[in-house]
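Enquirer: Residue numbers (my numbering), protein chains in the order written: chain A, 4 to 263; chain B, -6 to 323. Here a beta-carbon is modelled for each residue, glycine too, at the ideal position from N, C-alpha and C. All figures in this text were calculated on a predicted structure; none of them were measured in a lab.
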Ligand SMILES: Cc1cc2nc3c(=O)[nH]c(=O)nc-3n(C[C@H](O)[C@H](O)[C@H](O)COP(=O)(O)OP(=O)(O)OC[C@H]3O[C@@H](n4cnc5c(N)ncnc54)[C@H](O)[C@@H]3O)c2cc1C
Ligand SMILES: Nc1ncnc2c1ncn2[C@@H]1O[C@H](COP(=O)(O)O)[C@@H](O)[C@H]1O
């Protein structure tokens, strides 16, 4: 079974975000990066499918050269080889162009299953996987919490709202978007990290990909402004050292909220 | 050429998804800013009563996309039906609720039509004759103002709570309900869904709890849950958690609060080391008193908190346990 897993590099969670000088994007020099969390689960799901059914796991990531960090991590964890679409991501809020390039790279590669995360932590579009399914003309299911393969069919557990689930079936090839928590993540071993250095990493450029997959002339989105949200709610921030703040909070809970 | 704003509603088995009304409120607001008519769509099968309910709202027309193959929901059938509808009607803007179902089909529908979906929008306004939409980036830590470029139709999905269902305007007289005939064949539907189910084995019902202490990724290690449990014990409350805590297996699923977990409304909710992503907030914002303890003063959780302590939870929580003890014995 040939599995392609789409892995995005996103700013690490615990870093403070600051705007750049013309407020057109965040200041990148401040940041450190990591693998988008649901994508780490998608990668693990891909590795487990390969272990069970045999085949190959190919990692795909689009972005500037720095995204090779997450590509190497994926290779170290056990992916067989990688494709890096080298392009800038920031102004591309309309997803379509990245998705088109990714779809073209995937089409050339061929596949049984494409796995993506359900959502990126930076843009939070929740769209790329579903758009890829359309561009690749394959069935899809989103927010998946378990994957079973029998013959040429997929049986997947889809998360619904408020703690409900359902099983969905479809034939291969297909695309799934994976939800965090579907499995237990593995760590890369020293051996894995060593081996990763010898694995194939193919670079593709937008020019190469768009030669056979034209950019859509359709509708796009334009970013006007990025800003720190203004808070509407009047939260009472309780000041003081820990003990002092705790005492004041308890006082408020007792007299104002009437809880204690 | 019609250039209406269309709200897509969501229902299952004759029961509305409550976010349908938020999408309709958004569509009405945008339509009035643009001086365009607003219409609504219901999709499913046998929906006379539902269609009539929407027709009582302030809409120019209700479109009923009625076909047995639209039940149960599948992305293929919904995309095909709505693609036919959009091609025939050429609406200017299509507004959807940002539900799991919409996440499942709307990106595909927009792509099919060569258009673009602005997902998870939290507000919109006119500015210099241009329609500007706002959405969150970086898990609610930044906002972005965006607009569409290129030819309509445009697609927007609105975040839970971004618009208020209470703002839906009623109509003066019931709007006409018109059936839009969709052409679907069973062979076009490539995914097959079985009956929805819930994971059994419930030992705790957080929805009934009066006091909930919710732990987030800020607690760092599983062993630190003991500290949260101690705080809960001091207050006589239950421990809940954000999704990553349950994903890690540190707490059972039934203690997860949020859109994919429990919806809770205790008298007191204390979020400890929780950032306040929208999927968590929808599950707890009905709480009467909300306290947030977080080291980041910009954490979105403070947007819904009555009381906030900015600080290291490993200093604040022990102090709090201590002060509660004093208050109880005093
Ligand atoms: C479809 C979908 C469904 C989802 N459903 C749910 C759901 O039902 N429930 C849910 O919770 N999430 C859900 N999520 C995930 C959600 O988007 C967030 O990723 C998640 O809520 C984040 O959890 P967190 O706040 O614990 O972690 P983080 O976002 O990582 O936040 C950790 C916080 O801890 C603070 N912190 C760190 N160290 C300390 C310290 N020492 N002292 C004080 N503060 C500290 C940080 O400042 C940060 O704000 C869902 C996501 C999707 C896409
Ligand atoms: N630049 C990218 N490179 C690789 N995968 C991506 C990229 N952008 C999005 N994806 C995939 O698409 C999913 C959804 O992203 P988004 O639509 O941005 O929320 C992510 O979880 C990734 O699996």
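How would you list, in chain order, the residues of chain A whose beta-carbon sits under 9 Å from the beta-carbon of residue 198 of chain B?
Expert: By Cβ distance, chain A contributes nothing, its closest Cβ being about 12 Å from residue 198 of chain B, past 9 Å.
Enquirer: In angstroms, rounded to a whole number, what distance separates the CA positions of residue 317 of chain B and residue 259 of chain A?
Expert: Using only the alpha carbons, I get a separation of about 15 Å.
Enquirer: Quick check: is the beta carbon of residue 169 of chain A nearer than 8 Å to any beta carbon in chain B?
Expert: Taking Cβ atoms only, chain B reaches closer than 8 Å to residue 169 of chain A, which makes this a yes.
Enquirer: Does DSSP put residue 35 of chain B in a helix, in a strand, or in coil?
Expert: If DSSP states are grouped into helix, strand and coil, residue 35 of chain B belongs with the strands.
Enquirer: Would you call residue 236 of chain A buried or exposed, if buried means 16 or more other Cβ atoms sit within 10 Å of its Cβ?
Expert: Counting Cβ neighbours within 10 Å, residue 236 of chain A comes out exposed, since fewer than 16 surround it.
Enquirer: Should residue 155 of chain B be counted as a contact of ligand 1 given a C-beta to heavy atom distance under 7 Å?
Expert: Incorrect: residue 155 of chain B has no Cβ contact closer than 7 Å to ligand 1.
Enquirer: Does residue 147 of chain B pass the burial test, meaning 16 or more other C-beta atoms within 10 Å, or should it be called exposed?
Expert: With 16 or more Cβ atoms within 10 Å of its Cβ, residue 147 of chain B is classed as buried.
Enquirer: Three-state secondary structure (DSSP) at residue 30 of chain A?
Expert: Three-state result, residue 30 of chain A: coil.
Enquirer: Please confirm whether residue 320 of chain A has its beta-carbon closer than 8 Å to some beta-carbon of chain B.
Expert: With chain A running from 4 to 263 in the structure shown, residue 320 of chain A is simply not present.
Enquirer: State the Cα-Cα distance for the pair residue 86 of chain A and residue 108 of chain A, rounded to the nearest angstrom.
Expert: When rounded, the distance between both Cα atoms is 8 Å.
Enquirer: Taking all protein chains shown into account, decide if residue -3 of chain B is buried (16 or more other Cβ within 10 angstroms of its Cβ) or exposed.
Expert: Its Cβ being crowded by 16 or more others within 10 Å, residue -3 of chain B is buried.
Enquirer: Give the interface partners of residue 69 of chain A over in chain B, defined as CB-CB distance under 8 Å, in chain order.
Expert: The contacting residues do not exist; residue 69 of chain A stays about 17 Å from chain B at best.
Enquirer: Tell me whether the beta-carbon of residue 320 of chain B lies closer than 8 Å to the beta-carbon of residue 257 of chain A.
Expert: It is a contact, given that the beta carbons lie within the stated cut-off.
Enquirer: Between the region 94 to 114 of chain B and the region 136 to 152 of chain A, do at least 3 Cβ pairs fall closer than 8 Å?
Expert: Result yes; three or more Cβ-Cβ pairs closer than 8 Å.
Enquirer: Could you tell me whether any Cβ in chain A is nearer than 8 Å to the Cβ of residue 62 of chain B?
Expert: So, not an interface residue.
Enquirer: What is the residue span of the beta strand (DSSP E) that residue 131 of chain A lies within?
Expert: Taken as a continuous stretch (DSSP letters only), residue 131 of chain A belongs to no beta strand (DSSP E), being part of the alpha helix (DSSP H) at 131 to 139.
Enquirer: Does residue 317 of chain B have its Cβ less than 8 Å from a Cβ in chain A?
Expert: Closer than 8 Å: yes.
Enquirer: For residue 238 of chain B, report the span of its alpha helix (DSSP H) as first-last.
Expert: 236 to 240 is the extent of the alpha helix (DSSP H) around residue 238 of chain B.
Enquirer: Any residues in the region 171 to 205 of chain A with a beta carbon nearer than 7 Å to a beta carbon of chain B? Which ones, in chain order?
Expert: Within the region 171 to 205 of chain A, the qualifying residues are 171, 172, 173, 183 and 184.
Enquirer: Enumerate in chain order the residues of its own chain whose CB-to-CB distance from residue 22 of chain A is below 7 Å, with the five nearest sequence positions on each side excluded.
Expert: The answer, listed in chain order, is 29, 30 and 229.
Enquirer: Here's the rule: buried if 16 or more other CB atoms are within 10 angstroms of the residue's CB, otherwise exposed. What is residue 143 of chain A?
Expert: Per the 10 Å Cβ criterion, buried.
Enquirer: Run through chain B and tell me which residues come within less than 7 Å of residue 125 of chain A, C-beta to C-beta.
Expert: Near residue 125 of chain A (Cβ distances below 7 Å), the residues of chain B are 130 and 131.
Enquirer: Output needed in chain order: residues of the region 225 to 242 of chain A with a Cβ under 8 Å from some Cβ in chain B.
Expert: The residues in question are 225, 226, 227, 228, 229, 230, 231, 232, 234, 235, 236, 238, 239, 240 and 241.
Enquirer: Using a Cβ-Cβ distance under 8 Å, would residue 12 of chain A count as near chain B?
Expert: Not closer than 8 Å to any Cβ of chain B, the Cβ of residue 12 of chain A fails to qualify, so no.
Enquirer: Taking a cut of 7 Å between CB atoms, which residues from the region 106 to 118 of chain B lie near chain A?
Expert: Answer in chain order: 107, 108, 109, 110, 111, 112 and 113.
Enquirer: Between the alpha carbons of residue -6 of chain B and residue 109 of chain B, how many angstroms are there, rounded?
Expert: Caution applies to residue -6 of chain B, whose pLDDT of 45 falls short of 50 and renders its modelled position unreliable; the model cannot decide the point.
Enquirer: Counting only Cβ pairs nearer than 9 Å, list the residues of chain A close to residue -1 of chain B.
Expert: Simply none; closest approach about 16 Å.
Enquirer: Just checking: is the beta-carbon of residue 42 of chain A within a distance shorter than 8 Å of some beta-carbon in chain B?
Expert: So, not an interface residue.
Enquirer: In whole angstroms, give me the CA-to-CA distance for residue 81 of chain A and residue 34 of chain A.
Expert: When rounded, the distance between both Cα atoms is 27 Å.
Enquirer: Who are residue 55 of chain B's beta bridge partners in DSSP?
Expert: For residue 55 of chain B, which the question treats as bridged, DSSP gives the partners B:33 and B:170.
Enquirer: In the DSSP assignment, the beta strand (DSSP E) including residue 147 of chain B goes from what residue to what residue?
Expert: Element bounds for residue 147 of chain B: 147 to 151.
Enquirer: Is it the case that the CB of residue 209 of chain B approaches a heavy atom of ligand 1 more closely than 7 Å?
Expert: It does: the Cβ of residue 209 of chain B is within 7 Å (strictly closer) of some heavy atom of ligand 1.
Enquirer: Give me the Cα-Cα distance between residue 114 of chain B and residue 9 of chain B, rounded to the nearest whole angstrom.
Expert: The straight-line gap from Cα to Cα measures roughly 21 Å.
Enquirer: Please confirm whether residue 48 of chain A has its beta-carbon closer than 8 Å to some beta-carbon of chain B.
Expert: No, its Cβ sits nowhere closer than 8 Å to a Cβ of chain B.
Enquirer: Please list the partners that residue 260 of chain B has in chain A, where partner means a Cβ-to-Cβ separation under 8 Å.
Expert: The contacting residues are 260 and 262.
Enquirer: Could you name the residues of chain A that residue 296 of chain B contacts, counting a contact when the two beta carbons are closer than 9 Å?
Expert: Result: 232, 234, 235, 236 and 238.
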